[in-house]
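The structure appears below as structure tokens.
Protein chains: 4
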Amino acid sequence: MSTNFNDIQQKIIVFRNERDWEQFHDPKNLAEALSIEAGELLENFLWKTTEQSRKLSAEELKNVKEELADIFIFLTYLCEEYKIDLLKEVESKVAHNAAKYPVEKAKGSAKKYTEL
Amino acid sequence: MSTNFNDIQQKIIVFRNERDWEQFHDPKNLAEALSIEAGELLENFLWKTTEQSRKLSAEELKNVKEELADIFIFLTYLCEEYKIDLLKEVESKVAHNAAKYPVEKAKGSAKKYTEL
Amino acid sequence: MSTNFNDIQQKIIVFRNERDWEQFHDPKNLAEALSIEAGELLENFLWKTTEQSRKLSAEELKNVKEELADIFIFLTYLCEEYKIDLLKEVESKVAHNAAKYPVEKAKGSAKKYTEL
Amino acid sequence: MSTNFNDIQQKIIVFRNERDWEQFHDPKNLAEALSIEAGELLENFLWKTTEQSRKLSAEELKNVKEELADIFIFLTYLCEEYKIDLLKEVESKVAHNAAKYPVEKAKGSAKKYTEL
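Residue numbers (my numbering), protein chains in the order written: chain A, 757 to 872; chain B, 757 to 872; chain C, 757 to 872; chain D, 757 to 872.
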């Protein structure tokens, strides 16, 4: 059986609270942490062409997985802080993007919606 | 009933593929996009103290929610690229962190595990 | 006698060209590198309050100096790519900011110019 | 006659102090600001291939110049905070890198020095 989204979010919070780390986890620091992890993720692709970035070594892929997990963990702490239902927000963002980027206009184009 | 994690990930992929955007979504560009969004998230806390960051205006909070959703969306595309089971990776990262930061040593400390 | 700005920029370019690294130094990669270094700089302040960030340890300060140097180096490569006169651009940006943020309105306020 | 490095740094500080912004300019916030600007710089290259990034439109180039200037401005504030002589630090970083990446080993290679 696969891991459940709510269960894993709960585990992340319990891990933190057992260590009394809420005191450091104000949103400013959490947003910094997330940004730092995003930089570490990006480092796996530095000096590669876009084509090369599709073929990572096993070690690079392992590294990428860990960075993605770290990013998810900080997302979870930020959602906990503001009692945000992340999946609900994602769903409404996708609906919003679908309206901004109608298929017939956006198909095959990397342009910003303001330029379509 | 709440939104399901796998369903929302599926919606994100369908949204993209309907627009033929896979061609732009190599991992290098996706990691850049995620990093850019993380910067936009951080901007909501700029020039604030850590205490002030806990009290966002309604408009700032709305903005934060959208940035968190964007970050989740790019996480999803990166996971799709490498067929990563994100929740499984998060679960093993939390277990790994629990070993690196034992409660009795890490409680109330913001030190890195290498300094504990 | 102090180091000259143009001389040091020249040294940075010579260092690179001796190693045949121009091939990797397209602007996309350089902008990634600069962003990654900015994340490493930020890491020195993570989990600190804004007050604590004013008091770095000797080791942290050494680290900060190296990150600032790295950022300057990537700035220089980007300027070389587009033949940008950085100091001239900075001067016109300061003039531009002075017009956007008149002293009498902006004094003591962290608001964005659009809100002044 | 070209703009002088020390003069422009001085102008940047005067601009700030006239507006009483030192109070917001603790290093944590400055490092955040620099990181946010680096993300805005990177946005100019998003969804481009590395080759495409060498050919910016006039508007994109204008944007890049402004972001580079902003990054230099925040570098200057951080140097002011810690009384860092930036050019001296850059010079010693270049010397340090030259030792880590000897021409005969590093020529034409994007490998990290730990892998050379």
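All C-beta atoms, glycine included, are put in the ideal place defined by N, C-alpha and C.
These numbers come from a predicted model, not from an experiment.
Taking a beta-carbon distance threshold of 8 Å, Glu871(A) does not count as an interface residue toward chain B. Among the CB atoms of chain A, none fall inside 8 Å of the CB of Ser813(B). The Cβ atoms of Leu786(B) and Leu843(B) lie no closer than 8 Å to each other. Phe780(C) places its beta carbon less than 8 Å from that of Ala866(D).
At least 8 Å separates the CB of Glu836(A) from every CB of chain B.
Under the three-state reduction of DSSP output, Asp826(D) falls in the helix class. Excluding the 5 residues flanking it on each side, Tyr857(B) has same chain C-beta neighbours closer than 6 Å at Tyr869, in chain order. Lys821(D) and Phe761(A) have their alpha carbons spaced roughly 43 Å apart.
Among the CB atoms of chain A, one or more fall inside 8 Å of the CB of Leu802(C). Close CB contacts of Ile769(C) within its chain, under the 6 Å cut and outside five residues either way in sequence, are with Glu836 (chain order). One alpha carbon belongs to Asp776(A), the other to Lys863(C), and they sit about 39 Å apart. Contact between Asp782(C) and Thr806(D) holds: CB atoms are separated by about 4 Å, below the 8 Å threshold. In the DSSP assignment, Glu860(C) falls within the unbroken alpha helix (DSSP H) covering Val859 to Ala862.
Residues of the region 844 to 868 of chain D that bring their beta carbon within less than 8 Å of a beta carbon in chain A comprise Ala866, in sequence order. The alpha-carbon separation between Lys861(D) and Ala855(D) amounts to approximately 11 Å.
Nearest to Asn853(A) by C-alpha distance, out of Asp763(B), Gln808(B), Glu816(B) and Ile829(B), is Ile829(B). For a Cβ distance threshold of 7 Å, residue set Thr806 of chain B lies close to Asn785(A), ordered along the chain. Nearest CB-CB separation between Glu788(D) and chain A: below the 8 Å threshold.
If you ignore the 5 residues before and after Asn800(A), its C-beta comes within less than 6 Å of the C-beta of Glu816, Asn819 and Val820, all in its own chain and listed in chain order.
Taking the beta carbon of Leu798(C) as reference, the chain A residues within 9 Å of it are Glu788, Ser791, Ile792 and Gly795, listed in sequence order. The three-state secondary structure of Lys811(A), taken from DSSP, is coil. With a threshold of 16 other beta carbon atoms within 10 Å, Ser813(C) falls short and is exposed.
Secondary structure at Ser791(B): helix, using DSSP grouped into helix, strand and coil.
In this structure Lys804(B) is not in contact with Lys839(A), their Cβ atoms being roughly 20 Å apart against a cut-off of 8 Å. Residues Leu797 of the same chain have their beta carbon placed closer than 8 Å to that of Leu824(A), with the five preceding and five following residues left out of the count.
The alpha-carbon separation between Lys767(C) and Glu845(D) amounts to approximately 13 Å. Ser809(D) and Leu872(B) have their C-alpha atoms spaced approximately 44 Å apart.
Contact between Ile764(A) and Leu802(C) does not hold, since the beta-carbon distance rounds to 24 Å and is not under 8 Å. In this structure, DSSP gives Glu778(A) a state outside helix and strand, which the three-state scheme calls coil. For the set Glu847(D), Val850(D) and Thr832(D), the Cα lying nearest the Cα of Leu790(D) is the one of Thr832(D).
With a 10 Å radius around the Cβ and a threshold of 16 neighbouring Cβ atoms, Glu778(C) comes out exposed. The criterion of a C-beta distance shorter than 8 Å is satisfied by Glu774(A) and Val859(B). Close to Phe780(C), with beta-carbon spacing below 8 Å, are these residues of chain A in chain order: Trp803.
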